[in-house]
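See below for the structure under consideration.
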Amino acid sequence: MNILEHAQELINEIQNRLEENERTAEESVERIQNEIEEHRNAAEEQIEKIQNQIHQEAESAEEEIRRLHDGLEEHRRTVEEQIQKLQEESEEYAHKIEEDVERIQERLEQTRENAEDQIERIHEKIEQDAKAAEEQIERIREKAEEYRDNSDERIERIRERIEELRDAAENRTERFHFETDTWVEEHNIPNSPQSLIRRFDAKYDARHAATTVSNSYVMNGVEVLKYSGKLLPLTEMDERYPRSEWLQIFVDKNIPIENLEDYCRCLNARDMLIRIQKKPDVWTSGLFEIPPMEDWETYQEAYINQLTNPDRSPHV
4 MNILEHAQEL INEIQNRLEE NERTAEESVE RIQNEIEEHR NAAEEQIEKI QNQIHQEAES
64 AEEEIRRLHD GLEEHRRTVE EQIQKLQEES EEYAHKIEED VERIQERLEQ TRENAEDQIE
124 RIHEKIEQDA KAAEEQIERI REKAEEYRDN SDERIERIRE RIEELRDAAE NRTERFHFET
184 DTWVEEHNIP NSPQSLIRRF DAKYDARHAA TTVSNSYVMN GVEVLKYSGK LLPLTEMDER
244 YPRSEWLQIF VDKNIPIENL EDYCRCLNAR DMLIRIQKKP DVWTSGLFEI PPMEDWETYQ
304 EAYINQLTNP DRSPHV
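Mind the numbering: the sequence shown is residues 4 to 319 in the numbering used here, read in order.
Structure representation (structure tokens):
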């Protein structure tokens, strides 16, 4: 009997444990199902969030693409407008150059015609004066013939008078001849400013644009003059010291200018003189063995005298 009771108790206990395990299992299953549902819901929310983010990023990318496309289109239009503007400016500039060339040619032609007319008038004047002088001499000779028999003394005086009048007529003829030939003579003298300009000016202008200088001068350990870079503009140098007048100074001093190097060295000396004018401290420094001076005109004259002295102008 006790065994049966004990067995029944065991059976009851086993059933209770089975029921408890079943409840525990059901609770675990329910809990797992709830967790699975929660994870599924969280995953769906995450997926939805990612999809929304992807959608937003896609819209942003499309907007950026549209913005870049619009910017590219605007840049293309701007470039086309600039190209069109440059083409119009180039055509306008070319047209202006053609007009300037045409005006210069017309001015040169007019100048040539005026010069020819003036030379022709001078020749006519010379011929008229020469003819008048010959007529006057002829009249004097006729009068001399009339009075030749009066006395030897009177004839001598008449002859002297004839010589005086002849000399005067020749002087007048030579003077008018000089006026007409001055231009030709000046341009044919080998070392005249006009001849030098005609020989070297074009090459000098071309070389000037590419010429650079770098000079530094020290007196008693102190730098008194320093400059470097391109030469001053030709317009500034020519306005301050015209070429023909500047060259005439060297010609008058018998300074030889035989080639392009001499010509450039001579004209480029103006560059340093103009720079020195802007630095009064140099005038009183004794640079180039020029005595200190405070008056520019006096200093300028002393500087030019040194330029025309080959033994004392190594800085040129």
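In this text, a Cβ means the ideal position worked out from N, Cα and C, and glycines have one as well.
Values in this document were obtained by computation on a predicted structure and should not be read as measured data.
Query raised in the report: Is DSSP giving N15 helix, strand or coil here?
Result: In the sequence shown, the residue the question calls residue 15 occupies position 12. Reduced to three states, the DSSP call for N15 is helix.
Requested in this report: Would you tell me roughly how many angstroms separate the C-alpha atoms of Q85 and R115, rounded to the nearest one?
Outcome: As a working mapping, residue 85 is identified with position 82 in the sequence shown. As a working mapping, residue 115 is identified with position 112 in the sequence shown. Their Cα atoms are separated by approximately 44 Å.
Report task. Starting from the N-terminal side, write out each stretch of the alpha helix (DSSP H) that is 4 residues or longer and does not extend beyond the region 59-122. Result -> none
Query raised in the report: Is the beta carbon of R243 sitting closer than 8 Å to the one on R201?
Result: On the sequence shown, position 240 is the one that residue 243 refers to. On the sequence shown, position 198 is the one that residue 201 refers to. For R243 and R201, no; Cβs fall outside 8 Å.
Report task. Classify L228 as helix, strand or coil using the three-state DSSP reduction. Result -> Walking along the sequence shown from the start, residue 228 turns up at place 225. Note: L228 maps to strand in three-state DSSP.
Report task. Buried or exposed for W299, please, with buried defined as at least 16 other CB atoms from any protein chain shown within 10 angstroms of its CB. Result -> Taking the first residue of the sequence shown as position 1, residue 299 is located at position 296. Flag for W299 reads exposed.
Report task. Give the secondary structure of M240 by DSSP, where H, G and I count as helix, E and B as strand, and everything else as coil. Result -> What you label residue 240 is simply residue 237 of the sequence shown in a count that begins at 1. In the structure shown, M240 sits in a helix (DSSP, three-state: H, G or I).
Report task. Return no unless some Cβ of chain B is closer than 8 Å to the Cβ of I39. Result -> Among the chains in the structure shown there is no chain B, since it carries only a single protein chain.
Query raised in the report: Should the region 213-233 be called in touch with the region 261-278, which here means at least 3 C-beta pairs below 8 Å?
Result: yes
Report task. Round the Cβ separation of L237 and L199 to the nearest angstrom and send it over; I've been treating them as touching at under 8 Å. Result -> Against the sequence shown, residue 237 aligns to sequence position 234. Against the sequence shown, residue 199 aligns to sequence position 196. Rounded, the Cβ-Cβ distance is 16 Å, inconsistent with contact.
Requested in this report: Can you say whether L111 is buried or exposed, counting buried as having 16 or more other CB atoms within 10 angstroms of its CB?
Outcome: Numbered from 1 along the sequence shown, position 108 holds the residue referred to as residue 111. So L111 ends up on the exposed side.
Query raised in the report: Which residue from S231, E226 and L263 puts its Cα closest to that of A209?
Result: In the sequence shown, counting from the first residue as 1, residue 209 sits at position 206. Closest option to A209, Cα to Cα, is L263.
Query raised in the report: Do you know offhand how far Q280's Cα is from T301's?
Result: As a first step, residue 280 is located in the sequence shown; it is residue number 277 there, counting from the start. As a first step, residue 301 is located in the sequence shown; it is residue number 298 there, counting from the start. If you take the alpha carbons of Q280 and T301, they lie about 12 Å apart.
Query raised in the report: Exposed or buried, V32, counting other C-beta atoms within 10 Å across all chains shown (16 or more means buried)?
Result: In the sequence shown, counting from the first residue as 1, residue 32 sits at position 29. With fewer than 16 Cβ atoms within 10 Å of its Cβ, V32 is classed as exposed.
Query raised in the report: When you compare only the Cα positions, how much space is there between E123 and D284?
Result: Position 120 of the sequence shown holds residue 123. Position 281 of the sequence shown holds residue 284. One C-alpha to the other measures close to 56 Å.
Query raised in the report: Between I14 and E23, what straight-line distance do the alpha-carbon atoms span, to the nearest angstrom?
Result: Within the sequence shown, the letter at position 11 stands for residue 14. Within the sequence shown, the letter at position 20 stands for residue 23. Going from the Cα of I14 to the Cα of E23 covers about 14 Å.
Query raised in the report: Would you say the beta carbon of A61 comes nearer than 7 Å to a heavy atom of the ligand COA?
Result: The model on display carries no ligand, and the ligand COA is accordingly not part of it.
Query raised in the report: Can you tell me the Cα-Cα spacing of Q197 and V82, whole angstroms?
Result: Indexing the sequence shown from 1 puts residue 197 at position 194. Indexing the sequence shown from 1 puts residue 82 at position 79. Taking the straight line joining both Cα atoms gives about 51 Å.
Query - Runs of alpha helix (DSSP H) lying entirely within the region 258-295, each at least 4 residues, in chain order - result: 263-280 and 283-286
Report task. Check H9 in the structure and name its three-state DSSP category. Result -> Position 6 of the sequence shown, counting from 1, holds the residue named residue 9. Helix, per DSSP.
Query raised in the report: Nearest-angstrom Cα distance between E29 and E12?
Result: Here the question's residue 29 lines up with position 26 in the sequence shown. Here the question's residue 12 lines up with position 9 in the sequence shown. Each residue's Cα considered, the two are about 25 Å apart.
Query raised in the report: Going by DSSP, which residues form a beta bridge with S219?
Result: Residue numbering aside, residue 219 sits at position 216 when the sequence shown is read from its first letter. DSSP, once it has assigned bridges, lists K229 as partnering S219.
Requested in this report: To the nearest angstrom, report how far apart K88 and E76 are at their CA atoms.
Outcome: Here residue 88 corresponds to residue number 85 of the sequence shown, with the count starting at 1. Here residue 76 corresponds to residue number 73 of the sequence shown, with the count starting at 1. Approximately 18 Å between the Cα atoms of the pair.
Query raised in the report: By how many angstroms is the C-alpha of S63 removed from the C-alpha of R80?
Result: As a working mapping, residue 80 is identified with position 77 in the sequence shown. As a working mapping, residue 63 is identified with position 60 in the sequence shown. Roughly 25 Å between the two C-alpha positions.
Query raised in the report: Going along the chain, which residues of its own chain have a beta-carbon closer than 6 Å to the beta-carbon of G231, five neighbours each way excluded?
Result: Here the question's residue 231 lines up with position 228 in the sequence shown. Looking at the sequence provided, one finds Ser at residue 231 rather than Gly. Excluding positions up to five away in sequence, the list reads S217.
Query - Exposure label - R246; buried when at least 16 CB within 10 Å - result: In the sequence shown, counting from the first residue as 1, residue 246 sits at position 243. Per the 10 Å Cβ criterion, buried.
**Report entry** Close beta carbons around R278, own chain, < 7 Å, minus the five adjacent residues each side
**Finding:** One-based indexing of the sequence shown puts residue 278 at position 275. These residues qualify, in order along the chain: Y230.
Report task. Pull up the distance between the alpha-carbon of E25 and that of E66, whole angstroms please. Result -> As a first step, residue 25 is located in the sequence shown; it is residue number 22 there, counting from the start. As a first step, residue 66 is located in the sequence shown; it is residue number 63 there, counting from the start. So the alpha carbons of these two residues sit roughly 60 Å apart.
Query raised in the report: Taking all protein chains shown into account, do 16 or more other C-beta atoms lie within 10 angstroms of the C-beta of Y96, making it buried, or fewer, making it exposed?
Result: Position 93 of the sequence shown holds residue 96. The residue is exposed, with fewer than 16 neighbouring Cβ atoms inside 10 Å.
Report task. Put N308 into one of helix, strand or coil per three-state DSSP. Result -> Mapped onto the sequence shown, residue 308 falls at position 305. N308: helix per DSSP, three-state reduction.
Query - P295 and S288 closer than 8 Å at C-beta - result: The residue you call residue 295 lines up with position 292 of the sequence shown. The residue you call residue 288 lines up with position 285 of the sequence shown. Taking 8 Å as the Cβ cut-off, P295 and S288 qualify as a contacting pair.
Query raised in the report: Exposed or buried, what is M240 when buried is set at 16 or more other beta-carbons lying within 10 Å of its beta-carbon?
Result: Within the sequence shown, numbered from 1, the residue matching residue 240 stands at position 237. Classification of M240: buried, given that the 10 Å Cβ count is 16 or more.
Query - Sequence-distant residues of its chain with Cβ nearer than 8 Å to E226 (five each side left out) - result: The residue given as residue 226 occupies position 223 in the sequence shown. Closer than 8 Å at the Cβ level, and outside the excluded window around E226, lie S219 and Y220.
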